[in-house]
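Participant: Counting from 0, one number per residue, gives the positions in the sequence shown under numbering that gives the first Met the number 0.
We put the beta carbon where it would ideally sit given N, CA and C, even for glycine.
In this text, all values refer to a predicted model and were calculated from it rather than measured experimentally.
Supplied in structure tokens, the structure appears directly below.
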Amino acid sequence: MDRWSRTHEAVQRAALELFAEKGYDATTTAQIARRAGVSEMSLFRHFATKDALLLDDPFDPLIGEAVVARPADETPMRAVVESVRETWAELSDEVVPVLRQRLRIVAEAQSLDGALERNSAATATVIADSLVSRGVQRDAARVAAAAVIAGLSAALLEWARNGDRRLDQALDEALDVLGGASACSDSTT
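Here is the structure:
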């Protein structure tokens, strides 16, 4: 691992530790930098904003490539849903607890209300551009991308808040609903 990657990891690890100890809103970037053993300027070279420490998304290129590779006869929604399903299925078991911790902090911090959705603009663009490259009209591609992002955001935040299900279960249920495969019903009503 090169120096950039080690520093990036150290800063993110320090942020997660401090957010867990003090809460997101009570933690400053100066405290994070100090804990990571770097200057605050170095922290901002790696993460443009404090919320990027939690919301940095490495999955965009993978999802985009998966959308392009889907069968040409699939509807835009099905192509996106199945691409997301494929990409998330490849997550290692070590990533899941860290992802839950990050998303739980996002869910609990009032100042981060809507941040997951706002941060997903780049993901939506990658998805829409990938659909357009498949011949989908730009407007339809944007609608499909926005729908999937909104649905995933809701599912991921709910999964982070309630530790009662595995990530693959929560995502499969959400993706099934988004893809039109099924709708879960509440048997108590």
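Would you kindly work out how many angstroms separate the C-alpha atoms of Leu174 and Asp128, rounded to a whole number?
Facilitator: As a position in the sequence shown, residue 174 is number 175, starting the count at 1. As a position in the sequence shown, residue 128 is number 129, starting the count at 1. Taking the straight line joining both Cα atoms gives about 20 Å.
Participant: Determine the DSSP secondary structure at Thr86, reduced to helix, strand or coil.
Facilitator: Numbered from its first residue, the sequence shown carries residue 86 at position 87. Correct three-state label for Thr86: helix.
Participant: When burial is assigned at 16 or more other CB atoms within 10 Å of the CB, is Gln11 buried or exposed?
Facilitator: The count along the sequence shown starts at 1 and reaches residue 11 at position 12. Gln11 should be labelled buried.
Participant: Taking C-beta to C-beta, are Ala78 and Leu130 nearer than 8 Å?
Facilitator: Against the sequence shown, residue 78 aligns to sequence position 79. Against the sequence shown, residue 130 aligns to sequence position 131. With respect to the 8 Å criterion, Ala78 and Leu130 are classified as neighbours on the basis of their beta carbons.
Participant: Within the continuous alpha helix (DSSP H) that includes Ala21, where are the two ends?
Facilitator: Start at 1 with the first residue of the sequence shown, and residue 21 comes out as number 22. Looking at the sequence provided, one finds Lys at residue 21 rather than Ala. Counting along the chain, the alpha helix (DSSP H) containing Lys21 begins and ends at Arg2 to Lys21.
Participant: Quick one: residues in its chain with C-beta nearer than 6 Å to the C-beta of Arg84, no 5 flanking neighbours on either side, listed in chain order?
Facilitator: Here residue 84 refers to the residue found at position 85 when the sequence shown is read from its first residue. So the qualifying residues of the chain are Leu174.
Participant: What is the DSSP secondary structure of Phe58, counted as helix, strand or coil?
Facilitator: If you number the sequence shown from 1, residue 58 lands on position 59. In this structure, Phe58 counts as coil in the three-state DSSP scheme.
Participant: Do you know whose CA, among Ala29, Ala47 and Val80, lies nearest Glu39's CA?
Facilitator: Here the question's residue 39 lines up with position 40 in the sequence shown. Checked all of Ala29, Ala47 and Val80; the closest Cα to Glu39 is Ala29.
Participant: I'd like the list of long-range same chain contacts for Thr6, defined as Cβ closer than 8 Å, with 5 residues on each side in sequence excluded.
Facilitator: As a first step, residue 6 must be located in the sequence shown, where it is residue number 7. Answer for Thr6: Ala35, Val37, Ser41 and His45, listed in chain order.
Participant: For Thr113, name the three-state secondary structure that DSSP assigns.
Facilitator: Along the sequence shown, one-based indexing puts residue 113 at 114. According to the sequence displayed, residue 113 carries Gly and not Thr. Gly113 falls in the coil class under three-state DSSP.
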